[in-house]
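What follows is a short report on a single structure.
Number of protein chains: 2
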Amino acid sequence: MDIRNSTDLNQLVKEKNFKTLKHELAKLREADIASFMDDLSTENVVIVFRSLPKDMGAQVFSYLSSDMQEHIVKSITDQEIASIINELFIDDAADLLEELPASVVKRVLKNASPEARTLINQFLQYPPDSAGSIMTAEFVDLKKTMTVRQAFDRIRKTALDKETVYTCYVIDANRRLEGVISVKRLFLADDDTVLSDIMETNIISATTTDDQEWVAQLFAKYDLLSLPVVDHENRLVGIVTVDDVVEVIRQEATEDFQKMAAMAPSEKPYLKTGVFSLAKNRILWLMVLMISAMLTGGVLTKYEQAFVALPVLVTFIPMLTDTGGNAGSQSSTLVIRGMALSEITTRDFFPVLWKEFRVSLIVGAALSAVNFLRLVLMYPGEYLMALTVSLALYATVVMAKTIGGVLPLIAKFFNTDPAIMASPVITTIVDACSLIIYFKIVEVMLMP
Amino acid sequence: MDIRNSTDLNQLVKEKNFKTLKHELAKLREADIASFMDDLSTENVVIVFRSLPKDMGAQVFSYLSSDMQEHIVKSITDQEIASIINELFIDDAADLLEELPASVVKRVLKNASPEARTLINQFLQYPPDSAGSIMTAEFVDLKKTMTVRQAFDRIRKTALDKETVYTCYVIDANRRLEGVISVKRLFLADDDTVLSDIMETNIISATTTDDQEWVAQLFAKYDLLSLPVVDHENRLVGIVTVDDVVEVIRQEATEDFQKMAAMAPSEKPYLKTGVFSLAKNRILWLMVLMISAMLTGGVLTKYEQAFVALPVLVTFIPMLTDTGGNAGSQSSTLVIRGMALSEITTRDFFPVLWKEFRVSLIVGAALSAVNFLRLVLMYPGEYLMALTVSLALYATVVMAKTIGGVLPLIAKFFNTDPAIMASPVITTIVDACSLIIYFKIVEVMLMP
Numbered sequence: 080m081d082i083r084n085s086t087d088l089n090q091l092v093k094e095k096n097f098k099t100l101k102h103e104l105a106k107l108r109e110a111d112i113a114s115f116m117d118d119l120s121t122e123n124v125v126i127v128f129r130s131l132p133k134d135m136g137a138q139v140f141s142y143l144s145s146d147m148q149e150h151i152v153k154s155i156t157d158q159e160i161a162s163i164i165n166e167l168f169i170d171d172a173a174d175l176l177e178e179l180p181a182s183v184v185k186r187v188l189k190n191a192s193p194e195a196r197t198l199i200n201q202f203l204q205y206p207p208d209s210a211g212s213i214m215t216a217e218f219v220d221l222k223k224t225m226t227v228r229q230a231f232d233r234i235r236k237t238a239l240d241k242e243t244v245y246t247c248y249v250i251d252a253n254r255r256l257e258g259v260i261s262v263k264r265l266f267l268a269d270d271d272t273v274l275s276d277i278m279e280t281n282i283i284s285a286t287t288t289d290d291q292e293w294v295a296q297l298f299a300k301y302d303l304l305s306l307p308v309v310d311h312e313n314r315l316v317g318i319v320t321v322d323d324v325v326e327v328i329r330q331e332a333t334e335d336f337q338k339m340a341a342m343a344p345s346e347k348p349y350l351k352t353g354v355f356s357l358a359k360n361r362i363l364w365l366m367v368l369m370i371s372a373m374l375t376g377g378v379l380t381k382y383e384q385a386f387v388a389l390p391v392l393v394t395f396i397p398m399l400t401d402t403g404g405n406a407g408s409q410s411s412t413l414v415i416r417g418m419a420l421s422e423i424t425t426r427d428f429f430p431v432l433w434k435e436f437r438v439s440l441i442v443g444a445a446l447s448a449v450n451f452l453r454l455v456l457m458y459p460g461e462y463l464m465a466l467t468v469s470l471a472l473y474a475t476v477v478m479a480k481t482i483g484g485v486l487p488l489i490a491k492f493f494n495t496d497p498a499i500m501a502s503p504v505i506t507t508i509v510d511a512c513s514l515i516i517y518f519k520i521v522e523v524m525l526m527p
Numbered sequence: 080m081d082i083r084n085s086t087d088l089n090q091l092v093k094e095k096n097f098k099t100l101k102h103e104l105a106k107l108r109e110a111d112i113a114s115f116m117d118d119l120s121t122e123n124v125v126i127v128f129r130s131l132p133k134d135m136g137a138q139v140f141s142y143l144s145s146d147m148q149e150h151i152v153k154s155i156t157d158q159e160i161a162s163i164i165n166e167l168f169i170d171d172a173a174d175l176l177e178e179l180p181a182s183v184v185k186r187v188l189k190n191a192s193p194e195a196r197t198l199i200n201q202f203l204q205y206p207p208d209s210a211g212s213i214m215t216a217e218f219v220d221l222k223k224t225m226t227v228r229q230a231f232d233r234i235r236k237t238a239l240d241k242e243t244v245y246t247c248y249v250i251d252a253n254r255r256l257e258g259v260i261s262v263k264r265l266f267l268a269d270d271d272t273v274l275s276d277i278m279e280t281n282i283i284s285a286t287t288t289d290d291q292e293w294v295a296q297l298f299a300k301y302d303l304l305s306l307p308v309v310d311h312e313n314r315l316v317g318i319v320t321v322d323d324v325v326e327v328i329r330q331e332a333t334e335d336f337q338k339m340a341a342m343a344p345s346e347k348p349y350l351k352t353g354v355f356s357l358a359k360n361r362i363l364w365l366m367v368l369m370i371s372a373m374l375t376g377g378v379l380t381k382y383e384q385a386f387v388a389l390p391v392l393v394t395f396i397p398m399l400t401d402t403g404g405n406a407g408s409q410s411s412t413l414v415i416r417g418m419a420l421s422e423i424t425t426r427d428f429f430p431v432l433w434k435e436f437r438v439s440l441i442v443g444a445a446l447s448a449v450n451f452l453r454l455v456l457m458y459p460g461e462y463l464m465a466l467t468v469s470l471a472l473y474a475t476v477v478m479a480k481t482i483g484g485v486l487p488l489i490a491k492f493f494n495t496d497p498a499i500m501a502s503p504v505i506t507t508i509v510d511a512c513s514l515i516i517y518f519k520i521v522e523v524m525l526m527p
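Note that the protein sequences, when read in sequence, are chains A and B.
Under the working numbering, the first residue of the first sequence carries the number 80, and numbering increases by one thereafter.
Under the working numbering, the first residue of the second sequence carries the number 80, and numbering increases by one thereafter.
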């Protein structure tokens, strides 16, 4: 459906048939219009933006990519800017300003209403990736003395400008959070019931500086639709809604994937990221790992006489280091993911160590057995060599899995991101260790 | 807070002070009670479950781990089973039955009410990970001829048993979905407005067999709270709610992490998975990759005379293969994640190839330059060797990144899971290729 639509729409843009286009766009959802506009040329996007039905402009704008937002803001009049910025939810407005160059920010703020400006400035002060940075200021607040009927009246009067109306917040005269009440609860109560009798006072909340990942855990654990955010004096300053949390969970997973593949994290979609940014995000870690691998190579110089005497030993190196790397990555990945989901904490160090050790004994045994069999078949009579390589493999797997399992926990203990201890780093560490293990065993078993 | 609570609660269990325990539990949230119970011994968990306030039992039960659910079901009376199974939302009941052994399933179904039994049986037929398998049957349905006032009446009358009341579904006499209306929209309308005038008819929906990942994409794109699920005759059979989608997004990411680290995916938390299951999930892929790496080693036998003549060449192997593996993993990870988020499709094959090629030229140049410098400093006068190794490194990076970028797309084209083409597989492929490249260049430049 989307594809057919956007082909037709592109045709209309090409024909400069903006009247029909306007008519067609009015039938679509904001998110779909934004996807269509994100793929337009920069010259066309402003024309299309201007032909949007008036009440859709700000919403479509909030769905656009930050590049397109910047381009549009730079191309429209002050008056048009004012109507967008005052219509946007405060969190979307703050997101926009964070991406814009300073000169444009100034112009946008100049055109915002005084109230919007104050709120936006406050939002811009929250640390990135904090509850404050993803919350919205538009929520329904009630007083505990209200009846259910009065609550419904207030909700109906103010619903239009609120991001969600389904959870309402009961505050006192100093805006301190006293209770939470869901619209479902209101539906189930009699019209004359007073809110203080039915509101939930055992409140799950976050403070503005809490990490967004922690906020996401709360949503997942308690199946929340929204979460109140309070300042350090327990005054209600905003709420986080579940749609923003869905975004956070996807983004955090994407970041972890990037970090775990040794890249600087980036929020932009791959196809929209320039070649130089992509290269920049990848180069530093590759360089660090390359230099580490050079040191690993240095290990080998010590054993030159071993592989000059018995060159076939070299041919087992890829199998040993790769298997070690893979075995270690499996363990570190499970532990890193478990930590991201709060299933594993640094207090689980010994259980993890003990579990990985036992798993590695089983896995190592299976792999070594197959390896021994293969070597005996390929090199008949060379039992000692087969035994040497298989022993080295066993030791490598045990070493790789225990190191892979505990390094993320150690990183966390030293306040470093556990995701760093993923595949690439583990592989590099395990490589060096497995080569040392290999040639030590070779020295003992094969060298005279 | 959670920690202090559970210490106190454990103390009460130890003292067998179930009266106070019951009192304390009544103050907690269902999700917190379930976390506390999941860590109890199997003998205590049934006692605690029985001391729960009656109206909380089924809800707490739905939050428990499947092991605990199984244990409880096996230990309680038929009557107790009946009260749980008839109180659970149908999707939770179906989830439970999927995890139980056949004999227990029979006993549970025997104790369910006839209506619940019919619904549960229907749910059990939907494919795993489909929209049907995560939907719930408890939603508010309205008729288009109703007024807003009548709609509110119906919502208030039926709210108690519904998983969400905030989006209502307008159906005709044959249960065909005609429209969707949010409670927010109802709040904003006059009491006498007829639903057909204000309901949304441009409906986003899923069919029972749609993949849950696709459902999650729809929620993320349109910021949904719930999504109607229809059968192949467009009859409304259930809805998916956002809390289940949050779970799906987290689970799908976890599965991808596991697959990308060459493991069979598992839904159980790490610390609750047995050593043998963990080993079983890891062994197959490690075996496949080990055997592939043996073949890579075979490549080296062809070049034995090269490294016997110039043993220092061997010391560069870890640096070359590791850097190649890391460079390739970066590319494949970005593409795999982009595909999981629907940002990249198989139609983007050539843009991805071209992008990765250009990125690899930049990254390769930087790495080779550093590498050349290092070799010239370490082995003064050996310019030709430094050049050879650096050239091999450049070629390896270019090869690794283009292969890493396109293999996930090729996998998808052949209907294989792109996540397979992650780090471990890419590393193994790149290892073999980089060794061939290396020794080919060595032959040309260094061998007489």
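Note that beta-carbon positions come from the ideal geometry of N, C-alpha and C, so glycine has one too.
Cutoff 8 Å: residue i Cβ touching any chain B Cβ
i, result
"residue 366 (chain A)", "yes"
"residue 437 (chain A)", "yes"
"residue 342 (chain A)", "yes"
"residue 291 (chain A)", "no"
"residue 317 (chain A)", "no"
"residue 453 (chain A)", "yes"
"residue 510 (chain A)", "yes"
"residue 310 (chain A)", "no"
Residue i versus residue j - alpha carbon distance
i, j, result
"residue 81 (chain A)", "residue 293 (chain B)", "The predicted position of residue 81 (chain A) is uncertain, since its pLDDT is 45 and thus under 50; a value taken from the coordinates is nonetheless stated next. When rounded, the distance between both Cα atoms is 14 Å."
"residue 162 (chain B)", "residue 296 (chain A)", "30 Å"
"residue 257 (chain A)", "residue 186 (chain B)", "46 Å"
"residue 434 (chain A)", "residue 354 (chain B)", "6 Å"
"residue 142 (chain B)", "residue 239 (chain B)", "19 Å"
"residue 235 (chain A)", "residue 113 (chain A)", "29 Å"
"residue 223 (chain A)", "residue 273 (chain A)", "7 Å"
C-beta neighbour in chain A for residue i, strict 8 Å
i, result
"residue 228 (chain B)", "no"
"residue 361 (chain B)", "yes"
"residue 369 (chain B)", "yes"
"residue 329 (chain B)", "yes"
"residue 232 (chain B)", "no"
"residue 313 (chain B)", "no"
"residue 116 (chain B)", "no"
"residue 377 (chain B)", "yes"
Buried/exposed call for residue i, threshold 16 Cβ in 10 Å
i, result
"residue 232 (chain B)", "exposed"
"residue 83 (chain A)", "Residue placement at residue 83 (chain A) is poorly supported in this model, since its pLDDT is 45, which falls under 50; the coordinates still yield a value, given next. It is exposed - the Cβ of residue 83 (chain A) has fewer than 16 other Cβ atoms within 10 Å."
"residue 448 (chain A)", "exposed"
"residue 480 (chain A)", "buried"
"residue 457 (chain A)", "exposed"
"residue 331 (chain A)", "buried"
"residue 192 (chain B)", "exposed"
Assumed close pair residue i, residue j - CB separation to whole angstroms, cut-off 8 Å
i, j, result
"residue 432 (chain B)", "residue 484 (chain B)", "6 Å"
"residue 124 (chain A)", "residue 150 (chain A)", "7 Å"
"residue 325 (chain B)", "residue 298 (chain A)", "6 Å"
Segment limits, alpha helix (DSSP H) that includes residue i
i, result
"residue 307 (chain A)", "Segment 305-309 is the beta strand (DSSP E) holding residue 307 (chain A); no alpha helix (DSSP H) there."
"residue 320 (chain A)", "First-last for residue 320 (chain A): 315-320, but that is the beta strand (DSSP E), not the alpha helix (DSSP H)."
"residue 249 (chain B)", "From DSSP, residue 249 (chain B) is part of no alpha helix (DSSP H) but of the beta strand (DSSP E) over 246-250."
"residue 520 (chain A)", "502-524"
"residue 104 (chain A)", "97-104"
"residue 163 (chain A)", "157-166"
"residue 453 (chain A)", "428-457"
Residues that residue i contacts on chain D, provided the C-beta gap is smaller than 8 Å
i, result
"residue 417 (chain B)", "Of the protein chains in this structure, namely A and B, none is chain D."
Run of the beta strand (DSSP E) containing residue i, from where it starts to where it stops
i, result
"residue 261 (chain A)", "256-261"
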